[in-house]
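**Student:** Going by my numbering, the residue at position 199 of the sequence shown is 186; the numbering climbs one at a time, nothing skipped.
Glycine residues also receive a C-beta, built at the ideal position from the N, C-alpha and C atoms.
Small disclaimer: the values here were computed from a predicted structure and weren't measured.
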Amino acid sequence: MATEAELALLLDKLTFDRRLNVVEGLTPFRNALRADADGNVLRFLNRQISELQGERRGGIAFAIAEHYRLTGNVEELRRLFFREDVYVKEPVLDALTGEPGSNSDMGAAIVQLAIEGMSDASEKVRSTACRVVQNQCAGDSDVTAAVLPLRSLLDDASDDVRYFAAYAVGNLAKTGYDMVSHIASLTANMKSGSIHLRAASAWALWQLSRSKHDIGPAIAELAQLLADRGDYNEPRKRAAGALLNHAKKSSKNASQVKQQVKKTRLDSNFKEVNRFLEQLGRIS
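Right, here's the structure in full:
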């Protein structure tokens, strides 16, 4: 077990790489916390965290939050998150994207912290909150309470927040949550100037369609996205997937998609568009 003098030396080596946007030197602390049977490492870090500056403080907050998640300490995790500290909240949430651990109350606590983070002034916190909800959903935590806040984040002022919210919405739909009220915002986001947000929104609509949601109101915008002439082909591929999945559900849907495609100037020189037209032609 490392002594306090050894931990202090490791703390001196903790650095933030602005180029990579990462705190380097955290691994020894994460490993020490996993073996911290007597709590000495945790007490040392809790004493030192306020003395650290900026991202270095955030890195230690990440390590401590991860420890609380793994050991099931909900009370201390909440106390750490609710510090009024811009450098702490986002790393704490980032540490909560993993499995809740053995404490049966931890999953619900993590989801609630993510919901709190969705209304934070920092767009990084709001974005990370979306990732936390998405990952906790994949880990079988009940994220019902996050469904409505996610709809609000699809209308966020930040493209990055809307991007992460779109992926969270798509993943919640895949696991059975009712996301029908999110379709209008996803449709609007396909008009965004951000190509990555357009692609994320089309992907989310694809997942909604696959999970039995009716994405009919989004068909016109999906067709327009399929007509995108940019070199980045993900928006076209995802729009094609959503449109084909919708068309396969019924003859009415197929007719709806075909009529909209006729109104849209598609470039069949793009392989994903050509493949889409071939597949759509085989649907009756």
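(1) Can you tell me where the beta strand (DSSP E) holding phenylalanine 3 begins and where it ends?
(2) In the structure shown, what three-state DSSP assignment does glutamate 86 receive?
(3) Quick test of the definition: if touching needs 3 or more C-beta pairs under 8 Å, does the stretch 63 to 70 touch the stretch 17 to 28?
(4) Under 8 Å Cβ to Cβ from serine 238, same chain only, skipping five residues before and after it: list those, please.
(5) When you compare only the Cα positions, how much space is there between alanine 152 and glutamine 194?
(6) Heavy atom of the ligand MG less than 7 Å from the Cβ of alanine 191, yes or no?
(7) Where glycine 217 and alanine 189 are concerned, what is the direct C-alpha to C-alpha distance, given to the nearest angstrom?
(8) Enumerate in chain order the residues of its own chain whose CB-to-CB distance from alanine 241 is below 6 Å, with the five nearest sequence positions on each side excluded.
(9) Could you give the distance in angstroms between the alpha-carbon of alanine 229 and the alpha-carbon of serine 196?
(10) Is the beta carbon of glutamate 259 less than 8 Å from the beta carbon of arginine 223?
(11) Could you give the residue range of the beta strand (DSSP E) that holds valine 156?
(12) In whole angstroms, give me the CA-to-CA distance for aspartate 143 and alanine -8.
(13) In the structure shown, what three-state DSSP assignment does valine 61 receive?
(14) If I measure Cβ to Cβ from alanine -11 and keep anything under 6 Å in the same chain, skipping five residues before and after, which residues do I get?
**Tutor:** Quick answer:
(1) As a first step, residue 3 is located in the sequence shown; it is residue number 16 there, counting from the start. Here the beta strand (DSSP E) through phenylalanine 3 covers 2 to 4.
(2) Position 99 of the sequence shown, counting from 1, holds the residue named residue 86. Three-state result, glutamate 86: coil.
(3) no
(4) The sequence position of residue 238 within the sequence shown is 251, counting from 1. Closer than 8 Å at the Cβ level, and outside the excluded window around serine 238, lie Ser271.
(5) By 1-based counting over the sequence shown, the position of residue 152 is 165. By 1-based counting over the sequence shown, the position of residue 194 is 207. Going from the Cα of alanine 152 to the Cα of glutamine 194 covers about 14 Å.
(6) The model on display carries no ligand, and the ligand MG is accordingly not part of it.
(7) Your numbering for residue 217 matches position 230 in the sequence shown. Your numbering for residue 189 matches position 202 in the sequence shown. Looking at the two C-alpha atoms, the distance is approximately 15 Å.
(8) The residue labelled residue 241 in the question sits at position 254 within the sequence shown. For alanine 241, where only same-chain residues beyond five positions count, the Cβ hits under 6 Å are Ala234, Ile270.
(9) Position 242 of the sequence shown, counted from the first residue, corresponds to residue 229. Position 209 of the sequence shown, counted from the first residue, corresponds to residue 196. Distance between the alpha carbons of alanine 229 and serine 196 is about 7 Å.
(10) As a working note, residue 259 is residue 272 in the sequence shown. As a working note, residue 223 is residue 236 in the sequence shown. The answer is yes: Cβ separation under 8 Å.
(11) The residue given as residue 156 occupies position 169 in the sequence shown. Per DSSP, valine 156 belongs to no beta strand (DSSP E); it is in the alpha helix (DSSP H), 146 to 161.
(12) The residue you call residue 143 lines up with position 156 of the sequence shown. The residue you call residue -8 lines up with position 5 of the sequence shown. Cα to Cα, aspartate 143 sits roughly 46 Å from alanine -8.
(13) If you number the sequence shown from 1, residue 61 lands on position 74. Three-state DSSP puts valine 61 in a helix.
(14) Numbered from its first residue, the sequence shown carries residue -11 at position 2. Excluding sequence neighbours, alanine -11 sits near Ala19.
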